[in-house]
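Protein chains in written order, with UniProt numbering: chain A, 1 to 306; chain B, 1 to 306.
We put the CB at the ideal spot given by N, CA and C, even for glycine.
Small disclaimer: the values here were computed from a predicted structure and weren't measured.
Okay, so here's the structure we're looking at.
Protein chains: 2
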Amino acid sequence: MSAPVYDRIALIGLGLIASSMYWAIKRAGLAQEVTGFAKSAESRATARRIGLCDRVCESAAEAVEGADLVVLCVPVGAMGRVAAEIAPHLKVGATVSDVGSVKRSVVEQVGPHLPEGVHFVPAHPIAGTEHSGPESGFATLFDNRWCLLVPVEGTDPEAVQCLRTLWEGMGAKVDEMTADHHDLVLAVTSHAPHLIAYTMVGVADDLQRVTDGEVINYSAAGFRDFTRIAASDPTMWRDVFLTNKEATLEILGRFTEELFALQRAIRTGDGDHLHEYFTRTRAIRRGIIDAGQDTAAPNFGRETTQ
Amino acid sequence: MSAPVYDRIALIGLGLIASSMYWAIKRAGLAQEVTGFAKSAESRATARRIGLCDRVCESAAEAVEGADLVVLCVPVGAMGRVAAEIAPHLKVGATVSDVGSVKRSVVEQVGPHLPEGVHFVPAHPIAGTEHSGPESGFATLFDNRWCLLVPVEGTDPEAVQCLRTLWEGMGAKVDEMTADHHDLVLAVTSHAPHLIAYTMVGVADDLQRVTDGEVINYSAAGFRDFTRIAASDPTMWRDVFLTNKEATLEILGRFTEELFALQRAIRTGDGDHLHEYFTRTRAIRRGIIDAGQDTAAPNFGRETTQ
Ligand SMILES: NC(=O)c1ccc[n+]([C@@H]2O[C@H](COP(=O)([O-])OP(=O)(O)OC[C@H]3O[C@@H](n4cnc5c(N)ncnc54)[C@H](OP(=O)(O)O)[C@@H]3O)[C@@H](O)[C@H]2O)c1
Ligand SMILES: NC(=O)c1ccc[n+]([C@@H]2O[C@H](COP(=O)([O-])OP(=O)(O)OC[C@H]3O[C@@H](n4cnc5c(N)ncnc54)[C@H](OP(=O)(O)O)[C@@H]3O)[C@@H](O)[C@H]2O)c1
């Protein structure tokens, strides 16, 4: 057990990320009390049933009352609304943070609502699964994963340092960058790949001459990895694309250009071009395994028999 | 141990698929003797060192001598050459099969070389990993996976039945379809997804404003699944695209069309269209898990700490 980093933490939204944070905070004793709030009565009831949060409140305002740290764990499109709701109830000297997958938009939505004397340190843990809701979280989600802090200019360095200590206590490695750079990096490593996976799964579903049964049975050939990505929460991803429009469209533009070049190589039978391209991409995989961001075991170490 | 299905099996090519077949054949006692041959002296030496095959031969001709079943386990582009080489040495009544990821092309390349009295039953096990070479195989690769048989018209049903029994003995479920339908189904479930993954990994690698380190560290957000797919053997995949040109280009055309529609929805802020599309793709994932082709555990059941 570490010493508590904050006396009271409030988690607004009780889905995958918030519930994982709660279990990780408890694992390391990083706060005295954690309050929580989710929009629906159903999620609040589930949270109470499974012991998620020391206290589940009936409003966001109640949850943030007296909190030293408030973390917005809602879809990116809801951040502004929630910020407006909690702003009058924030304690002077409190820190507001979030876990949204897009940062420029959160800075713009949340920043203007926050009163003087409240610190604002946007953050984004690069960790997740395709599951969502209060029951999907687990304490080890952030272990050995990165959490990006995106402090806005003039932020109190001490508030940033506290949040960094919290994330490190939850198992994460912490880095800092600007909101715009964050949004470009994530467009490459996450947002564009997700849209592409969604698209490919949609195409397979649409194709009349291939049955769903065939798609499902023969998915082991590569497609099932796309379906995993494309099974993620629709609301979260709608918001990500709408709020990181520019960078996502830029990367998709580059992607289409490159895809057309490879399609042309296939059409003209340019095997050397293909071979060269496919050889280059192997190195990146090696780097990811060396960096500890994935396992070298075949098929991600899936059990082959089930 | 089952009764042997064939007295002698010859495996030509000793990579991922052939080595997995060998271990699966031995696990269930499906043949009295398995001979093997690979192009390079190095792979043959490795095979001898790790006990892969009862006898590793110095030529494909020698390996197929007296074999009741010959399985071509080489890249699709090499199938014709190997067939020409072994044809004069095939035993009357023998069956020739293969494991190539494309079927129309293999039928066209191999068929014409085979003498009268030799059965030809093309096949394709839908199972693999991103690894290759003689040391990458394991006995359970085919367990609970599908193997597609693509018998050409007029094939002896008994020869087909024997091969089916072999694949079932290696743990696979067996289905039959035509070569053209196979190539379309695989273009959807495997070939197009692979090209897309290769493309996206190439784009990330090219982007000057995002460092390789950033791509690698923040890959957990979705991108790492693409890199796994894009780490597969360049020669195998070059051959797949060059030999399944038509179906792959058709699916990529549909994919681009759909991607453009989603890009337009992002650009115009049509959140309903995005949400609806993302909701639909979840059902396919459910189907794949129900069919036992993947695990429901988050992140494919990866260990979260490593
Ligand atoms: N999933 C990932 O892989 C991942 C990774 C990193 C970051 N993120 C980011 O983390 C945030 C949360 O994602 P998640 O995966 O945890 O989502 P989730 O499991 O779908 O949970 C979202 C939570 O937000 C609540 N909520 C929605 N609107 C609200 C509002 N107006 N007021 C209060 N609560 C509200 C929901 O309440 P109800 O349950 O009552 O609907 C739910 O508890 C998103 O911004 C996402 O971009 C996600
Ligand atoms: N990998 C998959 O996921 C997967 C799945 C289903 C089907 N397939 C198909 O299975 C076949 C083999 O794939 P793999 O993954 O096992 O490949 P691999 O691990 O790269 O092995 C290919 C083997 O073929 C040998 N070879 C190449 N050209 C040859 C020739 N002219 N004569 C004799 N041997 C030759 C190679 O010999 P050297 O080692 O000496 O170079 C190597 O042993 C391909 O047709 C592929 O499309 C692959």
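Item, Value
"What residues in its chain sit with their C-beta under 6 Å from that of residue 126 of chain B, if we drop five residues either side in the sequence?", "145, 146"
"Cβ-heavy atom distance between residue 86 of chain B and ligand 2 below 7 Å?", "no"
"When you measure from the CB of residue 200 of chain A to every non-hydrogen atom of ligand 1, does any distance come out below 7 Å?", "no"
"Below 7 Å, is the gap between the Cβ of residue 147 of chain A and the nearest heavy atom of ligand 2?", "no"
"At a threshold of 7 Å, does residue 82 of chain A count as lining ligand 1 (C-beta to nearest heavy atom)?", "yes"
"Quick one, are the C-beta atoms of residue 204 of chain A and residue 285 of chain B less than 8 Å apart?", "no"
"Which residue from A/114, A/66, A/79, A/101 puts its Cα closest to that of residue 91 of chain A?", "A/66"
"With a threshold of 8 Å between beta carbons, is residue 107 of chain A in contact with chain B?", "no"
"Give me the subset of the region 274-290 of chain B whose CB atoms are less than 7 Å from a CB atom of chain A, sorted by chain position.", "274, 275, 277, 278, 279, 280, 281, 282, 284, 285, 287, 288"
"Can you give the Cα-Cα distance for residue 225 of chain A and residue 191 of chain A, rounded to whole angstroms?", "16 Å"
"Between which two residues does the beta strand (DSSP E) containing residue 52 of chain B stretch?", "No beta strand (DSSP E) contains residue 52 of chain B, which DSSP labels as neither H nor E."
"To the nearest angstrom, report how far apart residue 321 of chain A and residue 103 of chain A are at their CA atoms.", "Residue 321 of chain A lies beyond the residue range present for chain A, which begins at 1 and ends at 306; the question has no answer from this structure."
"Counting pairs of Cβ atoms below 8 Å between the region 202-222 of chain A and the region 112-129 of chain B, do you hit three or more?", "yes"
"Would you say residue 266 of chain A touches ligand 2, meaning its beta carbon is less than 7 Å from a heavy atom?", "no"
"Kindly indicate which three-state DSSP category residue 138 of chain B falls into: helix, strand or coil?", "coil"
"Which of the three DSSP states, helix, strand or coil, is assigned to residue 287 of chain B?", "helix"
"Return helix, strand or coil for residue 119 of chain B, following the three-state DSSP convention.", "strand"
"List, in order along the chain, the chain A residues whose C-beta lies closer than 8 Å to that of residue 169 of chain B?", "Neighbours of residue 169 of chain B on chain A: none; closest Cβ ~15 Å, over 8 Å."
"What residues in the region 119-130 of chain B bring their beta carbon closer than 8 Å to a beta carbon of chain A?", "126, 127, 128, 129, 130"
"Could you tell me whether the region 158-171 of chain A touches the region 35-44 of chain A, where touching means 3 or more Cβ pairs closer than 8 Å?", "no"
"Buried or exposed, going by whether 16 or more other CB atoms sit within 10 Å of the CB of residue 272 of chain A?", "exposed"
"Tell me the rounded alpha-carbon separation between residue 96 of chain B and residue 252 of chain B.", "33 Å"
"Buried or exposed: residue 208 of chain B, going by 16 or more other Cβ atoms within 10 Å of its Cβ?", "exposed"
"Give a yes or no on whether the minimum CB-CB distance between residue 219 of chain A and chain B is below 8 Å.", "yes"
"Looking at residue 115 of chain A and residue 278 of chain B, is the spacing between their C-beta atoms short of 8 Å?", "no"
"In terms of alpha-carbon separation, which member of A/68, A/72, A/24, A/250 lies closest to residue 39 of chain A?", "A/72"
"Using a C-beta to C-beta distance shorter than 7 Å, which residues of chain B count as neighbours of residue 307 of chain A?", "The structure shown has nothing for residue 307 of chain A, since chain A only spans 1 to 306."
"Name the chain B residues that come within less than 8 Å of residue 198 of chain A, Cβ to Cβ?", "262, 277, 278, 281"
"Which same chain residues, not among the five before or five after residue 79 of chain A, have their C-beta less than 8 Å away from its C-beta?", "72, 98, 100, 105, 106, 109, 110"
"What span of residues does the beta strand (DSSP E) with residue 36 of chain B cover, start to end?", "31-37"
"In chain order, what residues of the same chain lie with their CB nearer than 6 Å to the CB of residue 83 of chain B, ignoring the 5 residues before and after it?", "110, 113"
"CB residue 69 of chain A to CB residue 22 of chain A, shorter than 8 Å?", "no"
"Quick check on residue 306 of chain A - is its C-beta less than 8 Å from some C-beta in chain B?", "Unreliable placement is indicated for residue 306 of chain A, whose pLDDT of 32 sits below 50; the coordinate value is still reported in the next sentence. Yes, its Cβ sits closer than 8 Å to a Cβ of chain B."
"Between residue 143 of chain A and ligand 1, is the CB less than 7 Å from at least one heavy atom?", "no"
"How many angstroms separate the CA atom of residue 166 of chain B from the CA atom of residue 60 of chain B?", "22 Å"
"Is residue 133 of chain A near ligand 1, judged by its Cβ being under 7 Å from some heavy atom?", "yes"
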